[in-house]
Amino acid sequence: LTLAGCGRETGSAQLRPPSGPIVLGFSQVGSESGWRLANTASIKKAAERNRVELLFKNAEGDQKRQLADIRSFIRADVTAIAFSPVVETGYDEVLREARAAKIPVILTDRLIETADTSLYVSSIGAEFAAEGNLAAIYLENDYNDTEEQVHVVEILGSTGATPTKLRAEGFATTASRSGKLRIVAAETGNWTVDGGETAMRRLIRKVKRIDAVFAQNDDMGLGAVKALEAAGKKPGTDVRLVTVDATKKGLESLVAGKLNYVVECSPLIGEQLMGVVVAIHLGGRIDKRISPEQNVFDAVSAKDVLGDRQY
Ligand code: AHR
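Mind the numbering: the sequence shown is residues 7 to 317 in full-length UniProt numbering, read in order.
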């Protein structure tokens with residue numbers, strides 16, 4: 007792959023000799039969930055292991071802060087910049103500044119909306135739409151024996167972020183194919199346990215019949231469990247729950263029968279990121295898209311992996 011527009015090529019040509027320290031400026035989106043903390047830990051650990059000097063900044067969900075952080079990396083003339091975007095839009099200008107400074111950019115976890123995909127050299131992250139597809143398929147299979155439509159409420163992540171958009175789209179596309187699942191309402195839970203609890207409380211007040219919940223991450227699903235219990239319902243039995251992430255806490259709730267299915271989205275992408283950063287430094291090959299493996303768990307398969315779960 008050519009580092010198009012960055013003035014550097016990987017493969018045969020190298021514009022920066024592979025000497026001196028490799029410095030990565032990484033802008034994390036926030037600390038909103040168990041998944042995010044594991045993602046940060048994975049990146050820090052992999053940087054250390056690969057001897058990459060890491061300049062780490064956390065935008066705490068604020069895009070303006072993230073843009074300022076990226077600009078600080080440009081001023082520091084790092085080897086590469088990586089970031090997990092808060093929202094999908096509004097990054098073109100800063101990425102053009104990085105390109106003018108000949109600093110390659112890598113997207114991690116989430117994506118951006120741009121007409122010029124040469125503004126980043128690689129994106130590393132899960133296939134969010136497929137996660138939504140899988141969540142809907144598992145829920146549909148659960149209700150195989152019933153003729154009736156299943157009334158589903160959705161608890162969404164932060165507005166404008168790629169996983170929020172694509173998980174919802176994937177779920178809705180699969181649901182509309184068979185017509186078995188009917189999405190009756192949605193509320194935003196901002197990826198947090200508290201946000202999920204508040205969203206579920208609102209949904210319980212607003213919607214008469216709730217058969218199932220699709221929470222876009224484990225933390226919000228765990229919040230929904232609390233709200234359902236407070237309302238006198240038995241989560242996992244009276245109301246079925248499907249979530250995404252597969253954190254240790256999510257899998258424990260699955261084994262305990264409070265969640266029914268969990269679609270995996272691995273936060274452990276630190277090594278893949280360092281692989282790209284080192285390739286930039288040495289002039290190696292870079293894949294434009296890198297995705298980690300993904301699984302789906304029920305109570306039985308969750309039990310098998312819980313012992314080794316790192317996050
Ligand atoms: O972008 C990945 C999502 O962000 C995770 O599913 C969620 O837990 C996180 O906060």
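Note that beta-carbon positions come from the ideal geometry of N, C-alpha and C, so glycine has one too.
Small disclaimer: the values here were computed from a predicted structure and weren't measured.
How far does the beta strand (DSSP E) with Leu60 in it reach, from first residue to last? For Leu60, the enclosing beta strand (DSSP E) starts and ends at 58 to 64.
Endpoints, the alpha helix (DSSP H) within which Leu234 is located: Run containing Leu234: 224 to 236, per the alpha helix (DSSP H) assignment.
Return the chain-ordered list of same chain residues with a C-beta closer than 7 Å to the C-beta of residue 6, the five sequence neighbours on each side being excluded. Summary: the structure shown does not reach residue 6, with the chain confined to residues 7 through 317, and so no result is reported for it.
In chain order, what are the residue ranges of uninterrupted alpha helix (DSSP H) at least 4 long that sit wholly in the stretch 212 to 299? DSSP runs (the alpha helix (DSSP H)) wholly in the stretch 212 to 299: 224 to 236, 254 to 261, 276 to 288.
Taking the C-alpha atoms as reference points, what is the distance between Gly313 and Ala305? The straight-line gap from Cα to Cα measures roughly 14 Å.
Could you have a look at Ser129 and say whether DSSP puts it in helix, strand or coil? Strand.
Put Arg315 into one of helix, strand or coil per three-state DSSP. Of the three classes helix, strand and coil, the one that applies to Arg315 here is coil, per DSSP.
Buried or exposed: Asn45, going by 16 or more other Cβ atoms within 10 Å of its Cβ? Around the C-beta of Asn45, 16 or more other C-beta atoms lie within 10 Å, and the residue is accordingly described as buried.
Could you give the C-beta distance for Ala141 and Phe220, rounded to a whole number, given that I count them as a contact under 8 Å? Confirmed, Cβ separation roughly 5 Å.
Would the beta-carbon of residue 376 be found less than 8 Å away from any heavy atom of the ligand AHR? Outside the modelled stretch of the chain, which goes from 7 to 317, sits residue 376, for which no answer is possible.
Considering only the beta carbon of each residue, do Val269 and Leu247 sit closer than 9 Å? No, these two residues do not count as a Cβ contact at 9 Å.
Which residue or residues does DSSP assign as beta-bridge partners of Phe303? Beta-bridge pairing links Phe303 to Val268.
Looking only at C-alpha atoms, which of Tyr267, Val250, Asp251, Lys254 sits nearest to Pro241? For Pro241, the nearest C-alpha among the options comes from Tyr267.
Could you tell me if Ser259 is buried or exposed, where buried requires 16 or more neighbouring beta carbons within 10 angstroms of its beta carbon? Of the residues assessed, Ser259 falls on the buried side of the cut-off, its CB having 16 or more other CB atoms within 10 angstroms.
Output the distance between the C-alpha atoms of Ser124 and Gln34, rounded to the nearest integer angstrom. In a straight line, the C-alpha of Ser124 is about 21 Å away from that of Gln34.
Rounded to whole angstroms, how far is the Cβ of Gly229 from the Cβ of Gly195, which I believe are closer than 8 Å? With 8 Å as the limit, Gly229 and Gly195 qualify as a contact, their Cβ atoms being about 7 Å apart.
Within 9 Å, strictly: CB atoms of Lys63 and Ser78: For the pair Lys63 and Ser78, the CB atoms are nearer than the 9 Å cut-off.
Grab the span of the beta strand (DSSP E) containing Arg173 for me, first residue to last. Here Arg173 belongs to no beta strand (DSSP E); instead the alpha helix (DSSP H) covers 168 to 184.
Give the straight-line distance between the Cα atoms of Ile28 and Ser184, rounded to the nearest whole angstrom. One Cα belongs to Ile28, the other to Ser184, and the distance between them is close to 51 Å.
Buried or exposed: which applies to Thr165, given that a residue is buried once 16 or more other Cβ atoms fall within 10 Å of its Cβ? It counts as exposed.
Quick check: the stretch 117 to 134 against the stretch 150 to 165, are there 3 or more CB pairs under 8 Å? As far as the Cβ criterion goes, the stretch 117 to 134 does not touch the stretch 150 to 165, which means the pair count is below three.
Helix, strand or coil for Gln34, going by three-state DSSP, please let me know. It is a strand residue.
Cα-Cα separation between Leu60 and Glu54, rounded to whole angstroms: Using only the alpha carbons, I get a separation of about 8 Å.
On the CB-based measure, 16 or more other CB atoms within 10 Å of its CB, does Ala86 come out buried or exposed? By the 10 Å Cβ count, Ala86 comes out buried.
Taking 8 Å as the threshold, find out whether the stretch 82 to 99 comes into contact with the stretch 276 to 288 through three or more Cβ pairs. Yes: the two stretches touch, three or more of their Cβ pairs being nearer than 8 Å.
Assign Thr16 to one of two classes, buried (16 or more other C-beta atoms within 10 Å of its C-beta) or exposed (fewer than that). For Thr16, the predicted model reports a pLDDT of 41, less than 50, meaning its position is unreliable; a value from the coordinates is still stated below. Classification for Thr16: buried.
Gln278, buried or exposed, once every other Cβ within 10 Å from all chains shown has been counted against 16: Gln278 should be labelled buried.
Exposed unless 16 or more other CB atoms sit within 10 angstroms - verdict on residue 1: Given a span of 7 to 317 for the chain in the structure shown, any question on residue 1 remains unanswerable.
Measure the Cβ-Cβ separation of Val245 and Arg173 and say whether it is below 9 Å. For Val245 and Arg173, no; Cβs fall outside 9 Å.
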